[in-house]
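S.K.: Protein sequence lines, in the order shown, are assigned to chains A and B. Just so we're on the same page, the working numbering is the position in the first sequence counted from 1, plus 21. Just so we're on the same page, the working numbering is the position in the second sequence counted from 1, plus 21. Ideal placement from N, C-alpha and C gives every residue a C-beta, glycine not left out. Below is a structure I'd like to ask you about.
Number of protein chains: 2
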Amino acid sequence: MPISMYRASVPVFLQILPCMSAILDKTATHAAAKKIEEKVFLEARLYPDMFPLTRQVQIAADFAKGCVARLAGVEPPKFPDTESSLEELKARIAKTIAFIKEFKPSQIDGSEERDISLQMGGQTRTFKGENYLISVVLPNFFFHTTTTYAILRHNGIELGKQDFLRPPGA
Amino acid sequence: MPISMYRASVPVFLQILPCMSAILDKTATHAAAKKIEEKVFLEARLYPDMFPLTRQVQIAADFAKGCVARLAGVEPPKFPDTESSLEELKARIAKTIAFIKEFKPSQIDGSEERDISLQMGGQTRTFKGENYLISVVLPNFFFHTTTTYAILRHNGIELGKQDFLRPPGA
Chain A
22 MPISMYRASV
32 PVFLQILPCM
42 SAILDKTATH
52 AAAKKIEEKV
62 FLEARLYPDM
72 FPLTRQVQIA
82 ADFAKGCVAR
92 LAGVEPPKFP
102 DTESSLEELK
112 ARIAKTIAFI
122 KEFKPSQIDG
132 SEERDISLQM
142 GGQTRTFKGE
152 NYLISVVLPN
162 FFFHTTTTYA
172 ILRHNGIELG
182 KQDFLRPPGA
Chain B
22 MPISMYRASV
32 PVFLQILPCM
42 SAILDKTATH
52 AAAKKIEEKV
62 FLEARLYPDM
72 FPLTRQVQIA
82 ADFAKGCVAR
92 LAGVEPPKFP
102 DTESSLEELK
112 ARIAKTIAFI
122 KEFKPSQIDG
132 SEERDISLQM
142 GGQTRTFKGE
152 NYLISVVLPN
162 FFFHTTTTYA
172 ILRHNGIELG
182 KQDFLRPPGA
């Protein structure tokens, strides 16, 4: 049976987002042990004109939330970008996971040909659901989650690729 | 029509691998302009115990090659990890793209339930084709391609997310 739109979206987000939460936990533990302000990690970036950690997490979570909502034909809720602690960033992820989990396969499946319109760089672009998921959402979601990992790794948090790939308890 | 196994694999690799080649081109141009040895970039890493650029590219390309071969029920060819220049790394990517392009949708489609056995950490793990693609290959492929981008960005190559997402000419 070919891959359903649900299977190619929701479980991917539910694999990786809990990993993001767990690496923020490790970051909090590290920060406390080394007596480093959390802010140092939240504002860390790999280059001056790249987004810092906080923004990477927000964007990654929003790609997941927006994808599931749009595929289901629902307006994505707006989550304000106001997080200023690791705990708040984890709450953002938790809220995103809770939102995604509300959707049933029947709401997402069959959205391959659904028209999805997005504001991108000041213009509206329209994609078919399948193309939106495979060519836009997944690359962007993984881009921002991997960059989150890379920023923390670069800042000395002890992580390995399994922390990125395998949710705690899985 | 649900997503075919071909659609969820080959076009993803053919979207991102040419981007990798193009960012290596930009790296070569930058290195030449600044009179920096290419080796500096090839050996760059984000943390002492992370893989350097060369290895990131090799692994990313191998996830793509291995995925397409295994889904089609073909033994993946071995490409030796001997690249020591940006040009050679680009050739590795080109060889990978050429290999992937040989496959027709009919060879990949229907592989959802195919048993895929992998050597991971000294043990054999078996996945169904769909799970292998969605839970193993795509996260790993994007992990190593994004890390490639992140290493170069961190080293001052002028790149933006579009360089990661959109192949030249697309």
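Measuring straight from C-alpha to C-alpha, what distance separates Phe100/B and Arg113/B?
M.R.: If you number the second sequence from 1, residue 100/B lands on position 79. If you number the second sequence from 1, residue 113/B lands on position 92. If you take the alpha carbons of Phe100/B and Arg113/B, they lie about 8 angstroms apart.
S.K.: Give me the Cα-Cα distance between Asp136/B and Tyr153/B, rounded to the nearest whole angstrom.
M.R.: Counting from one through the second sequence, the residue named residue 136/B turns up at place 115. Counting from one through the second sequence, the residue named residue 153/B turns up at place 132. Answer to the nearest angstrom: the Cα atoms are 9 angstroms apart.
S.K.: If you count every other CB in all the chains shown that lies within 10 Å of the CB of Pro160/A, and 16 or more means buried, which is it?
M.R.: One-based indexing of the first sequence puts residue 160/A at position 139. The residue in question, Pro160/A, is buried, as its Cβ has 16 or more Cβ neighbours within 10 Å.
S.K.: Look at the alpha carbon of Val158/B and the alpha carbon of Thr48/A, and state the distance between them as a whole number of angstroms.
M.R.: Counting from one through the second sequence, the residue named residue 158/B turns up at place 137. Counting from one through the first sequence, the residue named residue 48/A turns up at place 27. Straight-line Cα distance between these residues: approximately 27 angstroms.
S.K.: If you pair each beta-carbon of the region 113-130 of chain A with each one of the region 32-39 of chain A, do three or more pairs fall below 8 angstroms?
M.R.: Yes: the two stretches touch, three or more of their Cβ pairs being nearer than 8 angstroms.
S.K.: I need the DSSP call for Leu139/B, collapsed to helix, strand or coil.
M.R.: By one-based count along the second sequence, residue 139/B stands at place 118. Looking at Leu139/B - three-state DSSP - the assignment turns out to be strand.
S.K.: What residues from the region 110-140 of chain B come within 9 angstroms of chain A, judged by C-beta to C-beta, listed N to C?
M.R.: Flagged, chain order: Asp130, Gly131, Glu133, Glu134.
S.K.: Do Asn74/B and Ile172/B have their C-beta atoms closer together than 8 angstroms?
M.R.: Taking the second sequence and counting its residues from 1, the one referred to as residue 74/B is at position 53. Taking the second sequence and counting its residues from 1, the one referred to as residue 172/B is at position 151. At residue 74/B the sequence reads Leu, which differs from the Asn that was named. Against a cut-off of 8 angstroms, the Cβ pair of Ile172/B and Leu74/B comes out as a contact.
S.K.: Can you name, in chain order, every residue of its own chain whose Cβ lies under 8 angstroms from the Cβ of Thr145/B, other than the five neighbours on each side?
M.R.: For the purposes of this step, residue 145/B is identified with residue 124 of the second sequence, where counting begins at 1. Cβ within range, chain order: Ser138, Leu139.
S.K.: Find the residues of chain B that neighbour Glu151/A, judging by a C-beta separation of less than 8 angstroms, and give them in chain order.
M.R.: Within the first sequence, the letter at position 130 stands for residue 151/A. Under the 8 angstroms cutoff, chain B gives Ile24, Arg28.
S.K.: For Leu92/A, return the contacting residues in chain B, with the cut-off set at a CB-CB distance below 7 angstroms.
M.R.: Against the first sequence, residue 92/A aligns to sequence position 71. Per Cβ cutoff of 7 angstroms: no residues; Leu92/A is ~12 angstroms from chain B at best.
S.K.: Is there a Cβ of chain B sitting closer than 8 angstroms to that of Lys182/A, yes or no?
M.R.: Mapped onto the first sequence, residue 182/A falls at position 161. So yes, Lys182/A belongs to the interface.
S.K.: Bridge partners of Thr144/B, per DSSP?
M.R.: Taking the first residue of the second sequence as 1, we reach residue 144/B at position 123. Sequence check: residue 144/B is Gln here, not Thr. For Gln144/B, which the question treats as bridged, DSSP gives the partners Met141/B.
S.K.: With 9 angstroms as the C-beta to C-beta threshold (strictly closer), list the residues of the region 151-179 of chain A near chain B in chain order.
M.R.: Per Cβ criterion, the list reads Glu151, Leu154, Ile155, Ser156, Val157, Leu159, Pro160, Asn161, Phe162, Phe163, Phe164, His165, Thr166, Thr167, Thr168, Tyr170, Ala171, Ile172, Arg174, His175, Asn176, Gly177.
S.K.: Quick one: grab the DSSP three-state call for Lys99/A.
M.R.: Within the first sequence, residue 99/A is the residue found at index 78, counting from 1. In this structure, Lys99/A counts as coil in the three-state DSSP scheme.
S.K.: From Pro189/A to Ala81/A, what does the alpha carbon distance come to, in whole angstroms?
M.R.: To locate residue 189/A, count along the first sequence from 1; it is residue 168. To locate residue 81/A, count along the first sequence from 1; it is residue 60. Rounded to the nearest angstrom, the two C-alpha atoms are 19 angstroms apart.
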